[in-house]
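Colleague:
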Ligand SMILES: [Zn+2]
Ligand SMILES: [Zn+2]
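Protein chains in written order, with the numbering used here: chain A, 72 to 209; chain B, 72 to 209; chain C, 520 to 902; chain D, 520 to 902.
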C-alpha cells in the first residue's frame, strides 16, 4: 500500500502494521469509545486515547449491490457491525471487498487498513476494514 | 432580441412588444399583486391576471460593483424598487445595464425586456428591466 | 396544559412535480388546510415549516415564511424545522406545545419537500459522519437490521416483501399516493433489482415531491370553527441513545417514544384502530409493528403474513399506502401521516376507510447516528 | 408562564476554523455552557440546535443530535432550527417557551455554523426567489436602504463607516472576535473595494466559523445551580409583512418586535444598558438603532457620529464587536449576541465591560422576502 495515501479521516486509525483503531477510555466512567469523543459524554471529563482490539465477531452486515459513487466504493461492498474482543464495544466498519461472500453473522474477523474509495478531498484514501479469518464459517 | 431566448421564469412578464409585467388583481380586496400569487393572500380567493403599468418612478436602487456569477449578471449592474404609475404597487427589478450611471431616486423609467445573464438552466435568458426616460434627471 | 385539536388538513398529491416550486407546493397544502379549518389566515398565531433538503437540492433557505405568506400568514412567528424524516412530526410537536402552553390559540404546520430536481445526489444523513465516510449509506443500516432480524427471529424475505405488496394495495386506493391504482405482486417485489440483501428496489420507498399541512387549535375554541375536531392525545419526540452498543434487532426509540405517548394518552396499543409508520424500507414496518406494541418482538414478519396489518385486519398499518406506496417527500412525510389519521378518524377515506376508526397512531423515525435513530416521533389522535 | 433564566453560556472563538468540523464546534460550545451552568448533561430535558448552511455547504443534516450527544445530551427531544441569521434567537425563543410553559425545566440551545469550506458559493436567501433571479443578492437590499436613508435623512457615507470603526474597536477588546486586536480607521473603511454603493468591503461583516451555546432553566430552580442567573424578560420572534409596498427607510419588523418585547418586559428603550444588533452591513446598525427606539427615525447616522453607541456612550451597541467585528457564523450569531449579554450583565467582559449594565437587548434579523425581513427577533435580559 502506498505510503502517500492518507486515512479518510485523521485520528480514526493507525495504518500500522499492525493497523489499530484509535479508541478512547474514560477512567472515571470506565467506558471505552470509538472514535475518540471530544470529552466523555457521560461525565464531560477528558478521555485517554487507547488502541482497540483488532479482532472481533460479526454482529450484522449488509451487502450494497448498487453503486455508491459518493466516495467511489467498490461494487458490491459489505459493511456492518463487529463486536471487538474484550472491549465491550460494537463498531461499524467495512468488510474486505475481496471476500464479500464470506461475511456472515458470527464470523471471526481481523482489522485491516487499505485503499478503498476516495476521501472528502476527492483523492484515493485509506479506510479500515475487517477481513474474515481462515477456518470456520463459509 | 432572439426569439429563442426564454424568460428567466415563466409567468412573470410578456416579452412584447410592448413588454408587460404580469400582475394580478383580487376583485374582493381590490388589491394588485406582482408577481401573480397562488391565491389572494388576504382572502385566499382567486386572483385575475392583469398587465401592470410599464412606467414608473425610481424609489431606491443599488449598484453592485462586484461580480454576481450566480446568474452571470453584467458588472456593475443596478437594481431596485420602482413605484408603478397608477397601480399602487412597488416592484423590484433590474435597471438598464447600459445606463447604470443615470439611475437616481425619482427618475422616471420605462419597462423593457432583454437578454441579461443566464437562467436556472444555465442558458442565456430574458429578464425585465427599467430604462431611464429621456429628459429630466441626469 | 390545554387540550389541542386538529381542525384542518390539506395535502398535495405525492409524486413527481418537476414544474411546481417547493414554495408553491407548501402554499397549496396550507391553503387547503386553512379552508378545511374554516378559519381566516389572519387568525393563525404561529407557524412551523418542515423541510429537510431545500438548502442542498434547490439552495432555498428560510422557506417557511414564503410558504406561509402565500397562504396569507404574515407577521406572526414562523420557524423552519429540520429533523430528517420526522421534520413534519417535530414541527407538529412544537405547534402542539405552543397551544397547549396557552401562549397561542391557532397554529399551522406545513411540511414540504422537492426531491425531483435535476442531478439528485445520493441522499445521506451526513457527509462528515465517520460511518457514512466508511460506507454506511441509509439503506445499509436497514439491510443490517433485516439480516439480523432474519437471523434471530426467522423472518423471511417473502414476509418482508409482503409489506410492500400490502402498502401498494393500500396506495392503489389513495388518489394522493404516487402509486394510486398501481398495486404490485409478491413476485414483482422479490424480483426487482437487489439493492442491499435482502432489500430489492421495490422494498425501498421512492423519492417524491409533495406537501401536507395541519391547522391546530385549542380544544376550547375548536367548536367555533369545525364540527369534526380530532384531538391530539400525545405528541412525542425522542432522540436516540447513541452509546457504544447499538442494537439492530429492535428500535429502542420506538419503544421509548410510544411508551411515553401511550402514557400521556391514557391508551395502549390495543386501543389503536389504525396506524401509520415510517416504512422507508419493508424491514422498517416489520420492526415498527413490534416495537410500537402491536405484536411481540420478533413476530413482525409473521404478523404481516397473517394479514393483521392489512386493511380489514386487527391493526391496519399504512392504509394511506405509507412511504412505500405514497412516496417519501421527506419534510412532508410525517405531516401526511397525520393528515391520513385525521381523515380516517373523520371517516373520509372512501375505499380505504378503516371502519369505526377511533384512535390513530403515527410513528416516524429519522436519520442514523452510531447505529441509532437520531429522532423518533409518536403522535396519537382520537376522534 | 414561568419565569426563565439563563444559567450557563459557552462560545468558541469566531474566525476561520477550517480544520474543526461543524459538529465539534457545536459540541465544544455546549460543553462550556453546561459546565458554566453547573449542571450535568443528563439534567437537560430538551435541546435546540441552530444552523443555516450545513445542508448546502457540507451536506450535513439533522446535526443537532450529534452536537448534543458530543456534550452528553441524548434521548431527550432535539430540534434543528433554521431561521437565517435569527436561527439562534429563534431556537432560544422555543427553548424559553418549553420552560415557561412548565413542560421542561432545563433546556440547551446551541448555534453553530461552518462557512469556511472550499468553494463557498455566494450565499443568498433563495435561488428560486423571483427577486434573487432578478439580481437582488443580499448586499443589494441593504445598499438600496442605504441609498434611501442618505436621500431622506441626510445620512453620510462617513457616518455609515463609523459603525464599522466603532465595532472593530469594540472587537479589538474581545478575544473571541475574529478581529481581536485589529481596529480599523475611517479612511480604511471608506477606501476598501466598493461592493455596492455606498457599502465598501469593510462595511460588510465577514463570513466566519463558530458556535455559541446557552443553558436555560426555570427561575424557580436556577438558584440550585448558579449564583448569577440572568433573567429572560422577553424572547420575541416576528415575521415580515411582505405586502406590495415595502419601505426601505425603516425596519417595521424591528419596531413591531421591540414593541412586543418592551411590553412583555415592562421596560422601554431608555432602560437598556447595552445592546447587540444585526450589523451585517453598517447601514443595518444605523437603522436598528432608530427602529429599536434608541434614537429618532432618521437620526441613526448622527447618533453613531455623536459617540452615543460607543462603549462609554449613552447606549453602547455591539460592544462584543457585532457581526462586523466578531464575524458572522450565521447559525451561531444570534446565540453569541445573547452570550455577550449574559457576560455583560454578569460583569465578566473585562476591557469592554459596560459599567453597571442592568438590562441587555439583542436584536437579530434574517433573510429578505419582497423587500421585508423574513424574520426578526428581540430578546431582553435583566440582571
Ligand atoms: Zn466519563
Ligand atoms: Zn382578496
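Backbone N, C-alpha and C define an ideal beta-carbon position, used for all residues, glycine too.
1. Where does residue 764(C) land, buried or exposed, given buried means 16+ other C-beta within 10 angstroms?
2. Whole alpha helix (DSSP H) runs in the region 769-825 of chain D with 4 or more residues, listed along the chain?
3. For a contact defined as C-beta to C-beta under 8 angstroms, what are the partners of residue 890(C) on chain A?
4. For residue 116(A), is the beta carbon positioned less than 7 angstroms from some heavy atom of ligand 1?
5. Using 8 angstroms for Cβ pairs, my map puts residue 879(C) next to residue 866(C). What's the rounded Cβ distance?
6. Could you check the C-alpha separation between residue 800(C) and residue 576(C) for me, to the nearest Å?
7. Check whether chain D comes within 8 angstroms of residue 108(A), counting only Cβ atoms and requiring the distance to be less than that.
8. For residue 673(D), count the other beta carbons within 10 Å of its own beta carbon; 16 or more makes it buried, fewer makes it exposed. Which is it?
9. Checking contacts by CB at 8 angstroms: is residue 590(D) closer than that to chain C?
10. Can you check whether the C-beta of residue 554(D) is within less than 8 angstroms of a C-beta belonging to chain A?
11. Tell me where the beta strand (DSSP E) around residue 120(A) begins and ends.
12. Determine, using beta-carbon pairs with one atom in the region 774-788 of chain D and one in the region 169-180 of chain B, whether at least three such pairs fall under 8 angstroms.
13. Name the DSSP beta bridge partners of residue 553(C), please?
14. Is it right to say residue 888(D) is buried, meaning 16 or more other beta carbons lie within 10 angstroms of its own, or is it exposed?
15. Is the CB-CB distance between residue 721(D) and residue 707(D) below 8 angstroms?
16. Residue range of the beta strand (DSSP E) that residue 528(C) falls in?
17. Comparing the C-beta of residue 714(D) with each C-beta of chain B, is any distance below 8 angstroms?
18. Ends of the alpha helix (DSSP H) at residue 624(D)?
19. Assuming residue 608(C) and residue 896(C) form a contact by the criterion Cβ under 8 angstroms, report the distance between their Cβ atoms to the nearest whole angstrom.
20. By Cβ distance, which residues of its chain are closer than 7 angstroms to residue 681(D), with the 5 residues on each side in sequence left out?
21. Does any CB atom of chain D fall closer than 8 angstroms to the CB of residue 112(A)?
22. So what does DSSP say about residue 208(A), is it helix, strand or coil?
23. Shorter than 7 angstroms, the distance from the beta carbon of residue 854(D) to the closest heavy atom of ligand 1, or not?
24. Between 161(B), 129(B), 78(B) and 84(B), which has its C-alpha nearest residue 203(B)'s C-alpha?
25. Touching or not, the region 183-198 of chain B and the region 683-696 of chain C, by the rule of three or more beta carbon pairs under 8 angstroms?
26. Quick check: the region 735-752 of chain D against the region 613-629 of chain D, are there 3 or more CB pairs under 8 angstroms?
27. Note down the Cα distance separating residue 524(D) from residue 634(D), rounded to an integer number of angstroms.
28. Three or more beta-carbon pairs under 8 angstroms between the region 550-567 of chain C and the region 738-752 of chain C, yes or no?
29. Quick one: using the 10 Å Cβ neighbour count with 16 as the cut-off for buried, is residue 207(B) buried or exposed?
30. Run down chain B in chain order and give the residues with a C-beta less than 7 angstroms from the C-beta of residue 546(C).
31. Measure from the alpha carbon of residue 816(D) to the alpha carbon of each residue in 797(D), 795(D) and 771(D), then state which is nearest.
32. For residue 636(C) and residue 80(B), I'd like the C-alpha separation in whole angstroms.
33. Grouping DSSP H, G and I as helix and E and B as strand, with all else coil, what is residue 678(D)?
34. For the pair the region 575-595 of chain C and the region 540-551 of chain C, tell me if three or more CB-CB distances fall below 8 angstroms.
35. Less than 8 angstroms between the beta carbons of residue 687(D) and residue 843(D), yes or no?
36. On a CA-only basis, which of 660(C), 580(C) and 592(C) is nearest residue 165(A)? Give me that one, please.
Modeller: Reading it off the structure:
1. As a working mapping, residue 764(C) is identified with position 245 in the third chain. So residue 764(C) ends up on the exposed side.
2. 771-784, 801-810 and 819-824
3. For the purposes of this step, residue 890(C) is identified with residue 371 of the third chain, where counting begins at 1. Within chain A, the residues near residue 890(C) are 152, 161 and 163.
4. To locate residue 116(A), count along the first chain from 1; it is residue 45. Answer for residue 116(A): yes, Cβ within range of ligand 1.
5. As a first step, residue 879(C) is located in the third chain; it is residue number 360 there, counting from the start. As a first step, residue 866(C) is located in the third chain; it is residue number 347 there, counting from the start. With 8 angstroms as the limit, residue 879(C) and residue 866(C) do not qualify as a contact, their Cβ atoms being about 12 angstroms apart.
6. Taking the third chain and counting its residues from 1, the one referred to as residue 800(C) is at position 281. Taking the third chain and counting its residues from 1, the one referred to as residue 576(C) is at position 57. Rounded to whole angstroms, residue 800(C) to residue 576(C) spans 23 angstroms at the Cα level.
7. Sequence index remark: in the first chain, residue 108(A) carries index 37 (1-based). So yes, residue 108(A) belongs to the interface.
8. Indexing the fourth chain from 1 puts residue 673(D) at position 154. The residue in question, residue 673(D), is exposed, as its Cβ has fewer than 16 Cβ neighbours within 10 Å.
9. Position 71 of the fourth chain, counting from 1, holds the residue named residue 590(D). With 8 angstroms as the cut-off, residue 590(D) does not count as an interface residue toward chain C.
10. Within the fourth chain, numbered from 1, the residue matching residue 554(D) stands at position 35. Answer yes: the Cβ-Cβ gap between residue 554(D) and chain A drops below 8 angstroms somewhere.
11. For this step, residue 120(A) is matched to residue 49 along the first chain. Start and end: 119-122.
12. no
13. Walking along the third chain from the start, residue 553(C) turns up at place 34. In the DSSP assignment, no residue is bridged to residue 553(C).
14. As a position in the fourth chain, residue 888(D) is number 369, starting the count at 1. The residue in question, residue 888(D), is buried, as its Cβ has 16 or more Cβ neighbours within 10 Å.
15. Mapped onto the fourth chain, residue 721(D) falls at position 202. Mapped onto the fourth chain, residue 707(D) falls at position 188. Result yes, Cβ atoms of residue 721(D) and residue 707(D) sit closer than 8 angstroms.
16. The residue you call residue 528(C) lines up with position 9 of the third chain. From DSSP, the beta strand (DSSP E) with residue 528(C) extends over 523-530.
17. As a first step, residue 714(D) is located in the fourth chain; it is residue number 195 there, counting from the start. With 8 angstroms as the cut-off, residue 714(D) counts as an interface residue toward chain B.
18. On the fourth chain, residue 624(D) is found 105 positions in, with the first residue counted as 1. Here residue 624(D) belongs to no alpha helix (DSSP H), and DSSP marks it neither H nor E.
19. As a position in the third chain, residue 608(C) is number 89, starting the count at 1. As a position in the third chain, residue 896(C) is number 377, starting the count at 1. At roughly 4 angstroms, the Cβ-Cβ gap stays under 8 angstroms, so residue 608(C) and residue 896(C) are in contact.
20. If you number the fourth chain from 1, residue 681(D) lands on position 162. Listed in chain order, the non-local C-beta contacts of residue 681(D) below 7 angstroms within the same chain comprise 705, 823 and 824, local neighbours out to five positions each way being set aside.
21. Within the first chain, residue 112(A) is the residue found at index 41, counting from 1. With 8 angstroms as the cut-off, residue 112(A) counts as an interface residue toward chain D.
22. Here residue 208(A) refers to the residue found at position 137 when the first chain is read from its first residue. Low local confidence applies: a pLDDT of 42 at residue 208(A) is under 50, so the model's placement there is unreliable, with the coordinate-based value given in what follows. Three-state DSSP puts residue 208(A) in coil, outside helix and strand.
23. Reading the fourth chain from its first residue, position 335 is the one you call residue 854(D). Not so, every heavy atom of ligand 1 lies at least 7 angstroms from the Cβ.
24. Your numbering for residue 203(B) matches position 132 in the second chain. Residue 129(B) is the option with its Cα nearest to residue 203(B).
25. no
26. yes
27. Position 5 of the fourth chain, counting from 1, holds the residue named residue 524(D). Position 115 of the fourth chain, counting from 1, holds the residue named residue 634(D). Separation of residue 524(D) and residue 634(D) (C-alpha to C-alpha, rounded to the nearest whole angstrom) is 31 angstroms.
28. yes
29. As a position in the second chain, residue 207(B) is number 136, starting the count at 1. Confidence at residue 207(B) is low in this model, with a pLDDT of 46, below 50, so the placement of that residue should be treated as unreliable; the coordinate-derived value is given next. The residue is exposed, with fewer than 16 neighbouring Cβ atoms inside 10 Å.
30. Counted from its first residue, the third chain places residue 546(C) at position 27. Residues of chain B passing the Cβ test: 109.
31. If you number the fourth chain from 1, residue 816(D) lands on position 297. Looking at the Cα atoms, 771(D) is the closest of the given residues.
32. Sequence index remark: in the third chain, residue 636(C) carries index 117 (1-based). Sequence index remark: in the second chain, residue 80(B) carries index 9 (1-based). Roughly 16 angstroms between the two C-alpha positions.
33. For the purposes of this step, residue 678(D) is taken as residue 159 along the fourth chain, with counting starting at 1. Of the three classes helix, strand and coil, the one that applies to residue 678(D) here is helix, per DSSP.
34. Pairwise C-beta distances place the region 575-595 of chain C in contact with the region 540-551 of chain C, as three or more of them are shorter than 8 angstroms.
35. Locating residue 687(D) in the fourth chain gives position 168, where the first residue counts as 1. Locating residue 843(D) in the fourth chain gives position 324, where the first residue counts as 1. When the beta-carbon positions are compared, residue 687(D) and residue 843(D) come within less than 8 angstroms of each other.
36. Within the first chain, numbered from 1, the residue matching residue 165(A) stands at position 94. The candidate whose alpha carbon is nearest that of residue 165(A) is 660(C).
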